[in-house]
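All remarks here apply to the structure that follows.
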Amino acid sequence: MYGPISDVIPSTPIFEMYPIGMVSIGAYLEKNGVHTRIINIANRMLRDNKFDVEQFISNLSAKAFGIDLHWLPHAHGSLELARIVKKYHPETPIIFGGLSASYFYKELIIYPQVDFVVRGDSTEVPMLQLMRRIKSGEPVDDIPNLSWKDKDSVAKHNPMTWVPASLDDVPLDYAYPVKSVLRYRDLASMTPFGNWMDYPITCVVTCRGCNHECATCGGSRYAYKNSFGREKTAFRSPKLVVKDIVSIQRYLKGPVFVIGDIRQHGEDYADEFLRAMKAAKVKGQIILELFSPAGSEFFKKVNSAIPNYNIQWSPDSTDEEVRHTFGKGYSNSEIESTIEGALENGCKRLDLFFMIGLPKQTYSSVMNDAAYLRGLLSEFKHHKKVLPFISPLAPFLDPGSKAFENPEKYGYRMFYRTLEEHRQALKSPSWKYMLNYETEWMSRDEIVMSTYEAALSFNQLKTEFGLVLPRVAEGVETRARGAMELMRAIDKIVAEHGFESEEMTSLKHEADNLSTSSICQKKELHWPAASFMRNAPRIVWAFATGSEYRHGA
Ligand code: B12
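Quick note on numbering: the numbering used here labels position 283 of the sequence shown as 265, and the sequence is numbered without any gaps.
Structure representation (structure tokens):
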């Protein structure tokens, strides 16, 4: 019972999405003469029950296989996949990478199915060097950021010296995935998540690293500095980010998510981005993130530059003490004035995200969130544009985050610390047992039950304010209640028979059904988008006329 761990992101609870960095690695390698193919095995398995992973892998032929262990929930799947690849291709090197791989590199390299770990947030350049050495058979002891094994299988860790200060040399070139789909005649393998064909959302990246220090975030400044060697956030020039957006829109009309608050690198950066957006006349849905409150002036500028703009913001709690302890120092009145500023200046939709499992957050603090929001929403004329969501910090507190590194200081009790412990945890019968933490203020049971209860109160709130259709709200309510019951049933079986039993297996089908849209309807999060098939003529046209990047820009 994976539970609601992926209800507020596009993937299913299998987390079938691959890191977007795979696209930039692939594009960079291709540009430098190394053919690269992305295969989303998880998505292939989800689409087709009969998909035979072993047979598919045995038919592949490659100089090396790269497997991401970016998100820790992939601890189990990535290592299993590597084991299968090794079984059929014992002589071919297997390369791991991603943030979790970079955090657990010393432990990861010891698994027999892992030959290399390319560490850090920017692996395009070391990956090219490694591929060239694999081809030529030359030593790898001078490739930056690389962990490898010598001929006696002793692990070696080269220094982490490749941490580029700017992102201007690595375009997120969407011509690469499109070209790859055509070359291998295989769209399913490139598809980022299950229903992407109906909802082709894409993203562009403004930065690697972050200027903020949220206690539980494995992508915070603290985590990047201590675990990924990054002292300062690296940014991509605003004009290039806009160019990335324009390049995407040549192929797809779906919404584009701009990763990283455009104000993070200062007002000049935001202004330059908005000027370039205005000049580019981008008409599609654009989603901007806020990391902190913003004034009306900002939204005025956004509105005049981007006709269809939407905002995503995570105040995480309506309880100021909880929010401040977490690392977000702004007040509730600043939240209110920010929302007002956005709504008065053309924002099409503003999503507000709240989280469960934070330092100093009690059960009643969680339950107060909906009550507070009821008061807040009733203040706004355009409240139908504000959509609140609440979800648990699950399944894992991020490795490398301040709270993971100093749990006592932040009031966390950790159940698992090593990669292997997390890999094992993923085999637990329910998401309660997967959770790698509980807090001084809430046990795992309370985190689970407050999640469903808060979901019910958010659902009720959204119904009252007409933010969801009654039919949708009814569905969420039925699933949330069903999920609570099932969680209790699983606990009972665990108490009587332990983790593995026939009784447990018989609940699998029900658990799968109750692991999606049990805290909100997934589609509530969708922005308007034309399906991939409706975009097909646009893709053909973009190819016929050449992409921005193929013309050497
Ligand atoms: C954007 C984002 C998302 C997007 C995903 C976009 C995408 N497809 O990548 C969305 C919103 C969907 C998302 C979802 C999740 N996210 Co997220 N996300 C981020 C965020 C904010 C930015 C990532 C980014 O900009 N990457 C930039 C791109 C260009 O780089 P990259 O993808 O990281 O790839 C580079 C390296 O990692 C490495 N690399 C990656 N893969 C591989 C593979 C190989 C073989 C090699 C060699 C190298 C390599 O090289 C790449 C390029 O050089 C980070 C926070 C941060 N500041 O980093 C969190 C972050 C990565 N996410 C995190 C988490 C926990 C999740 C979720 C599990 C949350 C949840 N429970 O729903 C899900 C998992 C989704 C899934 N797999 O289905 C944690 C990860 C902690 C951890 N170690 O596990 C982070 C650090 C912080 C956070 N809490 O949000 N996320």
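Ideal placement from N, C-alpha and C gives every residue a C-beta, glycine not left out.
Note that this is a predicted model, so its numbers are computed, not measured.
Among the residues of its own chain, which have a CB less than 7 Å from the CB of residue i, if the five just before and after it don't count?
i: Pro75; result: Ala46, Asp97, Phe98, Ile116
i: Glu(-2); result: Asn22, Ala24, Asn25, Leu28, Phe175, Gly176
i: Tyr345; result: Met424, Glu428, Ser432
i: Glu459; result: Leu438, Asn441
i: Arg461; result: Leu496, Ser499, Ser500
Alpha carbon to alpha carbon, what distance is there between residue j and residue i?
i: Thr105; j: Val450; result: 42 Å
i: Gly464; j: Asn14; result: 52 Å
i: Leu606; j: Phe447; result: In this structure the chain extends from -17 to 535, so residue 606 is not present and cannot be described.
i: Thr300; j: Met113; result: 49 Å
i: Leu272; j: Ser148; result: 22 Å
i: Ser(-12); j: Gly119; result: 42 Å
i: Ala57; j: Tyr354; result: 38 Å
i: Thr487; j: Arg405; result: 20 Å
i: Asn41; j: Tyr166; result: 14 Å
i: Met416; j: Lys265; result: 42 Å
i: Asp168; j: Val160; result: 10 Å
i: Pro1; j: Met172; result: 12 Å
i: Lys260; j: Pro289; result: 9 Å
i: Glu213; j: Trp144; result: 12 Å
i: Pro141; j: Thr445; result: 55 Å
i: Ala407; j: Arg399; result: 11 Å
i: Gln503; j: Asn208; result: 37 Å
i: Asp30; j: Leu325; result: 43 Å
i: Ser347; j: Tyr312; result: 17 Å
i: Val(-10); j: Leu332; result: 14 Å
Going by the CB atoms, is the gap between residue j and residue i shorter than 8 Å?
i: Leu256; j: Ala287; result: yes
i: Leu340; j: Asp226; result: no
i: His139; j: Tyr87; result: yes
i: Gly323; j: Ser360; result: no
i: Val240; j: Ile269; result: yes
i: Ala511; j: Pro182; result: yes
i: Ile501; j: Pro(-5); result: no
i: Lys342; j: Cys196; result: no
i: Ile39; j: Tyr10; result: no
i: Pro411; j: Ile472; result: yes
i: Ala455; j: Ile338; result: no
Starting from the C-beta of residue i, find all residues in its chain whose C-beta is less than 6 Å away, skip the five residues before and the five after it, and write them out in chain order.
i: Ser296; result: Phe335
i: Ala262; result: Val224, Val228
i: Tyr419; result: Leu379, Tyr394, Met396
i: Asn327; result: Phe281, Lys282, Asn285
i: Thr320; result: Pro275, Ala276
i: Ser(-7); result: Met(-1), Phe175
i: Glu422; result: Gly393
Does residue i come out as helix, strand or coil in the three-state DSSP assignment?
i: Glu420; result: strand
i: Val145; result: coil
i: Ser529; result: Unreliable positioning characterises Ser529 in this predicted model, as indicated by a pLDDT of 48, which lies under 50. A coordinate reading is not provided.
i: Pro510; result: coil
i: Val122; result: coil
i: Gln294; result: strand
i: Ile76; result: strand
i: Ile20; result: coil
i: Tyr394; result: strand
i: Phe239; result: strand
i: Lys117; result: helix
i: Phe47; result: strand
i: Arg331; result: strand
Only counting the same chain, and skipping five residues up and downstream in sequence, which positions put a Cβ closer than 8 Å to that of residue i?
i: Gln95; result: Leu61, Ala64, Arg65, Val67, Lys68, Ile76
*Is the segment 191 to 207 touching the segment 127 to 138 in the sense that three or more CB pairs, one from each, lie closer than 8 Å?*
Verdict: no, contact absent.
*Would you be able to state if there are at least three C-beta pairs under 8 Å between the segment 177 to 189 and the segment 383 to 397?*
Two segments are said to touch when three or more pairs of C-beta atoms, one from each, lie closer than 8 Å; by this definition the segment 383 to 397 does not touch the segment 177 to 189.
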